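So the sequence shown is numbered by UniProt numbering: it starts at 1 and just counts up by one. Okay, structure first, notes after.
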Amino acid sequence: MKLTSLTGTIPPEIKNLTHLTALQIKKKKLSGTIPPEIENLIKLQYLALAQNWLSGTIPKELGNLIDLEYLFLNQNELTGTIPVEIGSLLNLTLLELSRNQLSGTIPPEIGNLRKLEFLILEENELNGTIPKGIENMNFLQNLILGYNKLTGELPRLDILPFLVIIGLNSNMLSGTIPFGDSYDWDRLLILSLEKNMFSGDLPKLPNQMNFTSILTLHMNQFSDRNLHDWYIYIHQKERERERKKICSFVLQIRFYI
């Protein structure tokens, strides 16, 4: 069910939609809180309440929607902590809670979500460490936790075979980055680590490397070993991207002339 004209609050009577498998209400329509009665939608697989004015906390009752695969609550005014009951959503492949006012830690129970492909929690007020259980998310592709207050060292992200986007910028993370000299950098599309407290040596830059997307490391405390090579490489790739943009722009002009 996709509702485009609904405004106001989500009524408790939503509990009667027990056969609903998908619910999408977004783009500045809704206010108020997410009613706990939503737990009655036991067949729900897709829930998107993004880009509204929803406030209050994320109800723990969401943890009863065990068939849920996609959960979008981003760009609201939600507060409080991420309920540990989220860890019961074992079929979840996407969890999008960014751009709210969530606080507290990322619950360790989130490591139970072995099918998760997208974990997006950026632009909140989350603190504490990144749960080690993330190492068990073998299907994870996007890990986006930037603009929070996270601390501590990173889990072993290098063992996640499908991880292509890592966004951890603007936190207070420390320690070394867990990518050894043998790591396959070519599989990454984005590695954003700037504005943290990482230290130690960067991995040795591979002789042959086709990593052409976004790599940001500035405003950390890395040692000088290998640092110069990385910054030269990043600068070269930035110039290459700019040339491609200019060429693309010129081609578009020629197409329209």
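Glycine included, each C-beta is placed from N, C-alpha and C at the ideal position. As the structure is a computational prediction, the values presented were derived from the model and not from experiment.
- Residue pairing from DSSP leaves F162 without any beta-bridge partner.
- DSSP, reduced to helix, strand and coil, places L150 within a strand of the structure shown.
- For F222, DSSP records a beta bridge to G200.
- Between S192 and G146 the beta-carbon gap is near 6 Å, inside 8 Å, which marks them as a contact.
- Each of K132, T81, W230 was checked against the Cα of L215, and the nearest Cα belongs to W230.
- Rounded to the nearest angstrom, the gap between the Cα atoms of I58 and T79 is 8 Å.
- Comparing alpha carbon positions, the residue from Q24, F139, L154 closest to R114 is F139.
- Rounded to the nearest angstrom, the Cβ distance from T176 to G200 is 4 Å, consistent with a contact under 8 Å.
- Within the DSSP secondary-structure output, L95 pairs in a beta bridge with L71, L119.
- Cα atoms of H218 and E109: separation of roughly 32 Å, rounded to the nearest angstrom.
- Less than 7 Å separates the beta-carbon of P131 from that of I106.
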